Structure formats: C-alpha cells, structure tokens
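**Q** Adding 530 to a residue's 1-based position in the sequence shown gives its number in our numbering.
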Amino acid sequence: MIKSAFRMRPSAKLLIASAIGLTLVGCNKAVSEVTTPVVTPVKLMEVPDVTLSQVDSFIAKIDATDRAALSFQVAGEIESLNVKMGSMVEKGDVLAILDPNDYQLALDARQAEYSLAKTAFNRADQLYSKKLISTDDFDQTETQYKAAKAAYEQAVTDLNYTRITAPFDGVVSITFAKEHQVVGANQPILNLIDNSVMDVVFTVPVTYTEQYGLDKFSASTLTVSMDSHRDVDIPSEFKEISTQPDVDTNSYSASVTIQRPQELNLLPGMTGQVRLVNDEKKATIKIAPSAWISKHDTTGLLYRFNSENQTIQQIQVTLDEHGDVISGLEKGDLIVEAGVDKLASGQQVKAWIREGGI
Numbered sequence: 531m532i533k534s535a536f537r538m539r540p541s542a543k544l545l546i547a548s549a550i551g552l553t554l555v556g557c558n559k560a561v562s563e564v565t566t567p568v569v570t571p572v573k574l575m576e577v578p579d580v581t582l583s584q585v586d587s588f589i590a591k592i593d594a595t596d597r598a599a600l601s602f603q604v605a606g607e608i609e610s611l612n613v614k615m616g617s618m619v620e621k622g623d624v625l626a627i628l629d630p631n632d633y634q635l636a637l638d639a640r641q642a643e644y645s646l647a648k649t650a651f652n653r654a655d656q657l658y659s660k661k662l663i664s665t666d667d668f669d670q671t672e673t674q675y676k677a678a679k680a681a682y683e684q685a686v687t688d689l690n691y692t693r694i695t696a697p698f699d700g701v702v703s704i705t706f707a708k709e710h711q712v713v714g715a716n717q718p719i720l721n722l723i724d725n726s727v728m729d730v731v732f733t734v735p736v737t738y739t740e741q742y743g744l745d746k747f748s749a750s751t752l753t754v755s756m757d758s759h760r761d762v763d764i765p766s767e768f769k770e771i772s773t774q775p776d777v778d779t780n781s782y783s784a785s786v787t788i789q790r791p792q793e794l795n796l797l798p799g800m801t802g803q804v805r806l807v808n809d810e811k812k813a814t815i816k817i818a819p820s821a822w823i824s825k826h827d828t829t830g831l832l833y834r835f836n837s838e839n840q841t842i843q844q845i846q847v848t849l850d851e852h853g854d855v856i857s858g859l860e861k862g863d864l865i866v867e868a869g870v871d872k873l874a875s876g877q878q879v880k881a882w883i884r885e886g887g888i
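The structure is reproduced here in structure tokens:
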C-alpha cells in the first residue's frame with residue numbers, strides 16, 4: 531500500500547524530463563557563447579606600387595604621322611572604287627579608277643598626230659641638212675613636232691591620272707565618293723593614313739614646365755596607354771614640343787611617336803595618356819585618414835594585416851611634409867582602412883570581402 535502511494539504519475543515524469551532537457555540546452559548554449567570567439571571583420575587596402583606615384587600623366591590623342599588626301603588629277607565618272615573605310619592597303623594598290631574611254635581615245639588621237647609630226651620633222655631635218663629647205667620651214671616643222679610630242683605625253687599622263695594608287699602602306703580612314711559618281715579634277719575621293727607609325731599629341735601645362743623645364747620630355751622615358759587598352763604600355767619616342775604656349779589653354783603642344791602594336795587596332799582620334807617617369811618626384815603612398823591609429827609630424831602608426839595567421843600588427847611608418855608615407859610599407863601590404871579605434875595589435879581579424887575583391 532505504501533509503495534503505491536509514492537508511484538509517480540506519467541504526466542509528472544514527462545514534465546520533469548522536459549525541464550531537465552531545457553536546462554541542458556541552455557547550458558550548452560552558454561558554453562558555446564563562451565568558447566566561440568568573435569572575429570572582427572576589417573576593411574583592408576592594398577599598398578600599390580610606389581613607383582606609380584612618380585608617373586606624370588597627360589591626356590593624349592592619336593594623330594596620323596603620314597596622311598594623304600587622294601584625288602583624281604582629271605575629271606570623269608568613277609568606274610570602280612575598290613576600298614571602303616577601314617580597308618588595309620599596300621603601296622601601289624589601285625584604289626579607284628575613272629572611266630578611261632575618253633582619255634584612251636584622246637591618247638590614240640595624240641599618238642597619231644605625234645607620229646605624223648615626227649615623220650615630218652625627220653624628213654625636214656634631212657632636207658635642211660642638204661640645204662633644200664629654208665630655216666623658217668625647218669623651225670616651223672620642229673615646233674609642230676615638239677607640240678605634238680608634248681600633247682602626246684600629256685595624253686599619256688591624263689590616262690594614268692584615271693587611277694588612284696596607294697602612295698604607302700596604310701588604312702583608308704574615310705571615303706568621299708561612290709562608284710558611277712562624276713567627279714572633278716582634284717576633288718577629294720578618300721583619305722589614306724599610315725597606321726604603323728603614329729603620332730600621339732598632348733598638352734603640357736605651363737606650370738609643369740615652369741617646375742621641370744621643357745627639356746624634361748626629351749630626357750625622360752615616355753610610354754603611351756590607350757583608354758581602350760589601359761593595361762598595354764606602348765613604348766614611345768619624343769618627337770617635339772612647342773616653344774610658345776597656347777594663350778587660350780596656357781599649355782604647350784607636344785607629341786611622341788609610337789610603333790602600332792600588331793594586336794591593337796589604333797586609329798586617329800582615339801584617346802589615351804602619355805606617361806612620364808619623373809625621377810624628381812618622391813615615391814609616396816597616400817593613406818586614407820580613417821586608417822591612422824595616430825599621426826604626428828614625420829611618423830604615423832597603422833595596422834598591417836598578416837594573411838597567414840589572420841592577425842593585425844601595429845607598425846610605424848615615416849611621412850613626408852604632406853603626410854604621405856615614404857617608408858615603412860611595401861607593395862602588396864594590406865593595411866586596415868577603417869575602425870582602427872576598436873582594434874588591438876595581435877588581434878585576430880578577418881578580411882571584409884566585398885563584391886569585386888577587398
């Protein structure tokens with residue numbers, strides 16, 4: 531009877547078991563919160579190549595070194611136009627032809643007249659040598675012969691003028707006429723440019739030349755990069771710079787010459803930059819204001835990220851008079867860029883990755 535009095539009801543057992551389970555879960559959660567450290571994410575900046583700070587850049591544009599506006603030297607109807615804009619041609623290629631029929635007929639007529647005049651002159655020469663004709667008669671025959679010869683040679687030239695040939699290797703930049711169009715003598719038909727060797731023109735502010743001099747360009751290493759191919763540095767050779775600045779822009783006009791890389795399709799009018807390595811400038815690194823732990827006169831403190839152990843270390847760097855870093859950092863170093871007041875040297879952190887990289 532006593533044993534049955536202390537028998538636990540099933541509902542009570544379930545209640546006690548639930549309470550014990552909840553207690554264990556709460557304990558495990560508390561232990562997890564204590565044992566799992568919070569790793570702070572940090573925004574990083576990568577130190578660039580310091581030599582880039584010694585590069586001066588100038589906005590530039592391509593201009594053709596050799597260009598020719600081609601036209602027929604005689605009038606007529608265009609029989610064929612063998613090129614279009616962008617066509618690559620070689621020296622001597624026939625680019626356009628006028629209908630030659632009229633000029634061929636004129637040549638045939640002038641040739642016949644020349645043959646007759648030549649025969650008459652040869653006969654007169656023989657007679658004159660034998661004193662069988664007067665000097666006046668001989669001179670008249672000679673004059674007619676020379677006139678017929680000149681007319682014949684001009685007819686040959688006119689027939690040759692019915693063809694336009696390429697004066698050099700290049701590319702057709704623009705055309706102004708179409709087949710079967712009647713054109714006049716010296717009317718522009720197309721423009722041809724040599725795109726193997728090209729000029730790159732740019733302007734230099736007067737303030738720059740006052741600081742470094744006009745001779746800076748002829749004595750420096752110059753490269754060109756196009757806006758369409760910024761990762762390609764094209765070697766260039768200094769060509770010229772004006773000695774008088776433009777009064778409107780207060781700048782000098784300058785140009786360099788480049789050999790067009792085979793893999794690049796460069797045309798006049800394309801824009802880019804001329805870059806000059808200025809060894810008179812200090813190699814410096816600009817650091818965001820939010821990255822400084824402290825900064826005083828010629829020194830400053832930063833946090834450098836160690837990617838191997840995922841920790842940060844406090845480092846001291848040397849500054850110039852403008853507050854830019856001149857020593858203490860190397861290309862590729864990762865510097866904490868923000869939130870430094872909440873960090874400590876030796877602390878484990880993780881790089882804050884945003885879309886597109888650090």
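Glycine included, every Cβ here is placed at the ideal spot set by N, Cα and C. Given the structure is predicted, the values throughout are model-derived calculations rather than measurements.
Helix, strand or coil: which one does DSSP assign to Thr737?
**A** In this structure, Thr737 counts as helix in the three-state DSSP scheme.
**Q** Kindly identify the DSSP beta-bridge partner or partners of Gly714.
**A** Answer by DSSP bridge pairing: none, since Gly714 is not bridged.
**Q** Less than 8 angstroms between CB atoms is the rule here; does Asp667 satisfy it with respect to chain B?
**A** Absent from the structure is chain B; it holds one protein chain and no more.
**Q** Pull up the distance between the alpha-carbon of Ser686 and that of Phe698, whole angstroms please.
**A** According to the sequence provided, residue 686 is Val. The question's Ser does not apply to it. Going from the Cα of Val686 to the Cα of Phe698 covers about 23 angstroms.
**Q** Can you say whether Gln878 is buried or exposed, counting buried as having 16 or more other CB atoms within 10 angstroms of its CB?
**A** Gln878 is exposed by the Cβ-count criterion.
**Q** Which stretch, first to last residue, makes up the beta strand (DSSP E) that contains Gln634?
**A** Per DSSP, Gln634 belongs to no beta strand (DSSP E); it is in the alpha helix (DSSP H), 631-659.
**Q** Exposed or buried, Val619, counting other C-beta atoms within 10 Å across all chains shown (16 or more means buried)?
**A** Val619 is buried by the Cβ-count criterion.
**Q** Could you tell me the alpha carbon to alpha carbon distance between Pro735 and Lys816, rounded to whole angstroms?
**A** Each residue's alpha carbon lies about 24 angstroms from the other.
**Q** Taking the straight line between their C-alpha atoms, what separation do you get for Phe602 and Tyr691?
**A** Their Cα atoms are separated by approximately 6 angstroms.
**Q** Which residues does DSSP pair with Gln803 in a beta bridge?
**A** Beta-bridge pairing links Gln803 to Ile589, Ser755.
**Q** Taking Thr829 and Gln843 to be in contact with their CB atoms under 8 angstroms, please state how far apart those CB atoms are, rounded to whole angstroms.
**A** No, Thr829 and Gln843 are not in contact; Cβ-Cβ is about 16 angstroms, not under 8 angstroms.
**Q** Which one or two residues does DSSP pair with Gln843 in a beta bridge?
**A** Gln843 pairs with Arg834.
**Q** Which residues in the same chain as Pro775 place their Cβ atom closer than 7 angstroms to its Cβ, once the five residues preceding and following it in sequence are excluded?
**A** Excluding sequence neighbours, Pro775 sits near Val736, Ser781, Tyr782.
**Q** Which one of Glu740, Glu810, Gly714, Phe835 has the shortest CA to CA distance from Glu860?
**A** When each option's Cα is compared against that of Glu860, the closest is Phe835.
**Q** Given a cut-off of 8 angstroms on the beta-carbon distance, is the pair Val807 and Ala590 in contact?
**A** Not a contact, by the Cβ cut-off of 8 angstroms.
**Q** Using DSSP's beta-bridge definition, name the partner residues of Asp827.
**A** Asp827 pairs with nothing; no bridge assigned.
**Q** For a quick check, are the C-beta atoms of Lys746 and Leu611 less than 8 angstroms apart?
**A** Not a contact, by the Cβ cut-off of 8 angstroms.
**Q** Where Asp729 and Gln803 are concerned, what is the direct C-alpha to C-alpha distance, given to the nearest angstrom?
**A** Their Cα atoms are separated by approximately 13 angstroms.
**Q** Could you tell me whether the stretch 760-778 touches the stretch 719-726, using the rule of 3 or more Cβ pairs below 8 angstroms?
**A** Result no; under three Cβ-Cβ pairs closer than 8 angstroms.
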